[in-house]
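Enquirer:
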Amino acid sequence: MPREQYQTKLEGLRDDVLYMSELVAERLRMGLDALERQDAELGDEVITGDAEINDLYLELEGKCTDLIALQQPVAGDLRFIAASFKIITDLERIADLATNLGGYAKRADREVFPDVDVQRIGDDTLAMLDDAMAAYAESDPERCFAVAEADDEVDAACEAASDLVVRDLIERDELRDDEDVEGTMQNVSRLLLTIRDLERVGDHAVNIAARSLYMIENDDELLY
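Residue 1 is where the sequence shown starts when you use UniProt numbering, and the numbers rise one by one after that.
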């Protein structure tokens, strides 16, 4: 394959990965919106849309393996293709977590523990994803480290939120008088799962940043 055509394929792969990240970020926003509004219809839309992302993942996986098998790239090109392959895997998993949010929204029937700001945590993880993909797109190592630092804050927020839910549940006198204790506990469980899933979104954003840093500078500092 001529060098010019090879470079075009590499640039096309980058564009495809960025397009996938836009789809995933939109699904995550939709999942958060569905939760905030307890919108079952929007939750269904998030769940249904996961098939498109899965199909795109398989398509890009094929492009990565073809480039490696047919072109035998070396050095920077090989790191770029390998990073792209790992990044689409993390993006696909973020999409799965967004699908979880859609499912939680479908089953939620009332707000529980309004002091837990799930939307703020969600916005923070979206910002991490945006920064991680910008690091990949712009070959910006500083953004990679910024994502890792932001993850510490998200982890702390998730831990504090989970602790608040458990503590308030223990201290709530009205729960003893609640005729629908089972329903309340199911909603609490969904809230804790939501917090856990958002923390995992942040972890996947860090993975993307780590792979981007390795791609840019051959630096594995954030990988382990």
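Every residue, glycine too, gets a C-beta built ideally from N, C-alpha and C.
For the candidate residues C64, I208, M133, whose alpha-carbon lies nearest to that of K9?
Expert: Numbered from its first residue, the sequence shown carries residue 9 at position 9. Nearest C-alpha to K9: C64.
Enquirer: Assign A160 to buried or exposed, taking buried as 16 or more other Cβ atoms, counted over all protein chains shown, within 10 Å of its Cβ.
Expert: Translated into the one-based positions of the sequence shown, residue 160 becomes position 160. Classification of A160: exposed, given that the 10 Å Cβ count is below 16.
Enquirer: Does the beta-carbon distance from residue 231 to L28 come in below 8 Å?
Expert: Here the chain comprises residues numbered 1 to 224, so residue 231 is not present and cannot be evaluated.
Enquirer: Work out the CA separation of G102 and A108 for me, nearest whole Å.
Expert: Within the sequence shown, the letter at position 108 stands for residue 108. Within the sequence shown, the letter at position 102 stands for residue 102. A108 and G102: Cα-Cα distance of roughly 10 Å.
Enquirer: By Cβ distance, which residues of its chain are closer than 7 Å to P73, with the 5 residues on each side in sequence left out?
Expert: Residue numbering aside, residue 73 sits at position 73 when the sequence shown is read from its first letter. L67, I81.
Enquirer: For a test of the three-state rule: what should DSSP assign to E221, helix, strand or coil?
Expert: As a working note, residue 221 is residue 221 in the sequence shown. Coil at E221, not helix or strand.
Enquirer: For D55, does the three-state DSSP call read helix, strand or coil?
Expert: Within the sequence shown, residue 55 is the residue found at index 55, counting from 1. In this structure, D55 counts as helix in the three-state DSSP scheme.
Enquirer: On the three-state DSSP scale, how would you describe D130?
Expert: Here the question's residue 130 lines up with position 130 in the sequence shown. Helix at D130.
Enquirer: Please classify P141: does DSSP put it in a helix, a strand, or coil?
Expert: Start at 1 with the first residue of the sequence shown, and residue 141 comes out as number 141. Here P141 sits in helix by DSSP.
Enquirer: Rounded C-beta distance between A40 and K106? I'm assuming under 8 Å.
Expert: Here residue 40 refers to the residue found at position 40 of the sequence shown. Here residue 106 refers to the residue found at position 106 of the sequence shown. Right, their Cβ atoms sit about 4 Å apart.
Enquirer: Distance check for L32 and A132, CA to CA, integer angstroms please.
Expert: Taking the first residue of the sequence shown as 1, we reach residue 132 at position 132. Taking the first residue of the sequence shown as 1, we reach residue 32 at position 32. Computed Cα separation, rounded: 20 Å.
Enquirer: Hey, could you find the ends of the alpha helix (DSSP H) A95 is sitting in?
Expert: For the purposes of this step, residue 95 is taken as residue 95 along the sequence shown, with counting starting at 1. Segment 75 to 107, the alpha helix (DSSP H) holding A95.
Enquirer: Does DSSP put D115 in a helix, in a strand, or in coil?
Expert: Within the sequence shown, the letter at position 115 stands for residue 115. DSSP places D115 in coil when its eight states are reduced to three.
Enquirer: Closest to V25 by CA distance: which of D123, L13, A146, D15 is it?
Expert: Here residue 25 refers to the residue found at position 25 when the sequence shown is read from its first residue. According to the sequence shown, residue 25 is Ala rather than Val. Among D123, L13, A146, D15, the Cα nearest to that of A25 belongs to D123.
Enquirer: Could you give the first and the last residue of the continuous alpha helix (DSSP H) run that contains D15?
Expert: By one-based count along the sequence shown, residue 15 stands at place 15. Where D15 is concerned, the enclosing alpha helix (DSSP H) stretches over 3 to 37.
Enquirer: Please report the distance separating the alpha-carbon of A51 from that of E171.
Expert: Taking the sequence shown and counting its residues from 1, one reaches residue 51 at position 51. Taking the sequence shown and counting its residues from 1, one reaches residue 171 at position 171. Approximately 42 Å between the Cα atoms of the pair.
Enquirer: Please tell me whether L164 has its Cβ less than 8 Å away from any Cβ of chain D.
Expert: The question asks about chain D, but that chain is absent: this structure has only one protein chain.
Enquirer: Could you check whether L222 and A210 sit closer than 8 Å to each other, using their CB atoms as the reference points?
Expert: Your numbering for residue 210 matches position 210 in the sequence shown. Your numbering for residue 222 matches position 222 in the sequence shown. Contact: yes.
Enquirer: Identify whether Q72 lies in helix, strand or coil by the three-state DSSP scheme.
Expert: By 1-based counting over the sequence shown, the position of residue 72 is 72. Q72 falls in the coil class under three-state DSSP.
Enquirer: Roughly how many whole angstroms lie between the Cα atoms of residue 229 and N54?
Expert: Outside the shown range of the chain, which is 1 to 224, sits residue 229, and nothing can be said about it.
Enquirer: Have a look at D158 and D15 and give me their C-alpha separation to the nearest angstrom.
Expert: Position 158 of the sequence shown, counting from 1, holds the residue named residue 158. Position 15 of the sequence shown, counting from 1, holds the residue named residue 15. A quick correction: the sequence has Cys, not Asp, at residue 158. Straight-line Cα distance between these residues: approximately 33 Å.
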